[in-house]
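So the structure is just underneath, and the comments pick up after that.
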Amino acid sequence: MLPGVITRAAIHHPHDTQYGGGEVVLDVPPDQTVATLRFLQNHSSTSFRCFIDAFGTDFPDRSGVGQGRFRVTYHLLSTTFNARIRVQTYVDETTPLESATAIFAGADWFEREVWDMYGVFFYNHPDMRRILSDYGFEGHPLRRDFPLSGFVEVRYDDTEKRVVTEPVEISQEYRTFDYSSPWEQVGKGGGVGVDAPKPLEGGGDKKA
Numbered sequence: 001m002l003p004g005v006i007t008r009a010a011i012h013h014p015h016d017t018q019y020g021g022g023e024v025v026l027d028v029p030p031d032q033t034v035a036t037l038r039f040l041q042n043h044s045s046t047s048f049r050c051f052i053d054a055f056g057t058d059f060p061d062r063s064g065v066g067q068g069r070f071r072v073t074y075h076l077l078s079t080t081f082n083a084r085i086r087v088q089t090y091v092d093e094t095t096p097l098e099s100a101t102a103i104f105a106g107a108d109w110f111e112r113e114v115w116d117m118y119g120v121f122f123y124n125h126p127d128m129r130r131i132l133s134d135y136g137f138e139g140h141p142l143r144r145d146f147p148l149s150g151f152v153e154v155r156y157d158d159t160e161k162r163v164v165t166e167p168v169e170i171s172q173e174y175r176t177f178d179y180s181s182p183w184e185q186v187g188k189g190g191g192v193g194v195d196a197p198k199p200l201e202g203g204g205d206k207k208a
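Per UniProt numbering, residue 1 is the first one in the sequence shown, and the count goes up by one each step.
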């Protein structure tokens, strides 16, 4: 059963851990992800019954290749054999994944985070909603094409006595910029719009 759905297998040797045996990495089709996880959990030769985490990764260059730009990875641990394994699959923006919560209840919040940050939807999930971003948030902030400044900003308006959402405005009022000629605003002190310090009255250093 399992070898028929594996598209790629590799041994990964993490350099940041003391575990020298390496981790097995399996690439499987999106529609076989849950079946693979169930096999790894229940088969006596694997016994990967401990769910560690699930996370997403964005590869924009893979768009249009047919494998999908988003990689979703499930990380499992077998305490019986003291082994770890990663199950990976690739999806695009329009391909949903079946939730693994029916097998591993701990996948709940991790899949919600993948949905919130990358926009990968998990069907059959008991509570598929955002978990880290604010209510009404637009977009998915860990996508590589998401702007660093975001689209909107949230602040508390003291006049209206409520939280308001506005277009992003990055202001630095403590600085003076001349966009036509940035060097004209450099003062005598070498800083932007800052003059050199004035000498003390009476000349010389003031003594106590």
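Quick reminder that beta carbons are idealized off the backbone N, C-alpha and C, glycines included.
If residue i sits next to residue j, beta carbons under 8 Å apart, how far is it from one beta carbon to the other, in whole angstroms?
i      : j      : result
LEU26  : VAL87  : 5 Å
ILE85  : VAL24  : 5 Å
THR60  : ARG144 : Before going further, note that residue 60 is Pro rather than Thr in the sequence given. Contact flag correct, Cβ pair sits at about 5 Å.
HIS75  : ASP53  : 5 Å
GLY106 : PHE51  : 4 Å
PHE55  : PHE121 : Not confirmed; about 16 Å, so no contact.
Using the C-alpha atoms, what's the distance from residue j back to residue i?
i      : j      : result
LEU77  : LEU37  : 12 Å
MET117 : GLU160 : 31 Å
ASP157 : THR94  : 38 Å
GLU138 : PHE151 : 8 Å
ARG162 : TRP115 : 28 Å
SER47  : HIS140 : 35 Å
Which of the three DSSP states is assigned to residue i in this structure?
i      : result
VAL186 : No answer about VAL186 holds up, because its pLDDT of 48 lies below 50 and its placement is not dependable.
ALA102 : coil
GLU113 : helix
THR57  : strand
ASP157 : strand
GLN41  : helix
TYR90  : strand
PHE177 : At PHE177 the pLDDT is 49, less than 50, meaning the model places this residue with poor confidence; the figure from the coordinates comes in the next sentence. Of the three classes helix, strand and coil, the one that applies to PHE177 here is coil, per DSSP.
TYR74  : strand
GLN172 : With a pLDDT of 44 at GLN172, under the threshold of 50, the modelled position of this residue cannot be trusted; read the value that follows with caution. DSSP places GLN172 in coil when its eight states are reduced to three.
TYR123 : strand
ARG129 : coil
THR79  : coil
ALA208 : Reliability fails at ALA208, whose pLDDT of 49 lies under 50, so the model's placement of it is uncertain and no value is given.
Enumerate in chain order the residues of its own chain whose CB-to-CB distance from residue i is below 8 Å, with the five nearest sequence positions on each side excluded.
i      : result
TYR123 : PRO96, LEU97, GLU98, SER99
ASP92  : SER63, GLY68, ARG69, PHE70
GLY136 : THR165
Once you ignore the five residues that flank residue i on each side, which residues in its own chain have a CB closer than 7 Å to its CB?
i     : result
ASP58 : ARG69, PHE70, TYR118, LEU142, ARG143, ARG144
VAL34 : GLU98, ALA100, ILE103
GLN41 : PHE48, ARG49, ILE103
Would you verify that the beta carbon of residue i is, or is not, closer than 8 Å to some beta carbon of chain B?
i      : result
ARG112 : Considering every chain present, this structure includes no chain B. It has just one protein chain.
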